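Everything below concerns the one structure shown next.
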Amino acid sequence: MPRGTKVHRVYEALRRQAKSKARAARIAQAVTGQALATGRPPRKNQKSKRKKQR
Numbered sequence: 000m001p002r003g004t005k006v007h008r009v010y011e012a013l014r015r016q017a018k019s020k021a022r023a024a025r026i027a028q029a030v031t032g033q034a035l036a037t038g039r040p041p042r043k044n045q046k047s048k049r050k051k052q053r
């Protein structure tokens, strides 16, 4: 988990508000649109793109 990223700052703020780790991670990722593990936006699923093209 990269420190100093926007998603990490939101995660830490939620943890200070006594949210569980899982709940804080879920909220932080939803709010920022970034993955907590990488600090980058998650990639699109390749299978879903193929289905839409057909």
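To convert, note that position 16 of the sequence shown is 15 in numbering that gives the first Met the number 0; the numbers rise steadily by one, no gaps. Glycine is no exception: its CB is placed at the ideal position from the N, C-alpha and C atoms. Predicted model, so just to flag it, every value in this text is computed and none were measured.
Go to Ala29, then tell me how far its alpha helix (DSSP H) extends in each direction, as first and last residue. By 1-based counting over the sequence shown, the position of residue 29 is 30. Under the DSSP assignment, Ala29 falls in the alpha helix (DSSP H) whose first and last residues are Lys20 to Thr31.
Could you compute how far the alpha carbon of Val30 sits from the alpha carbon of Val9? Position 31 of the sequence shown holds residue 30. Position 10 of the sequence shown holds residue 9. Counting only the Cα atoms, Val9 lies some 9 Å from Val30.
With 16 other Cβ atoms within 10 Å as the buried cut-off, status of Ala21: Indexing the sequence shown from 1 puts residue 21 at position 22. So Ala21 ends up on the exposed side.
Give the DSSP-derived three-state secondary structure of Leu35 in the structure shown. What you label residue 35 is simply residue 36 of the sequence shown in a count that begins at 1. Correct three-state label for Leu35: coil.
Would the beta-carbon of Thr4 fall within 7 Å of that of Gly32? In the sequence shown, counting from the first residue as 1, residue 4 sits at position 5. In the sequence shown, counting from the first residue as 1, residue 32 sits at position 33. Between Thr4 and Gly32, the C-beta spacing is not below 7 Å.
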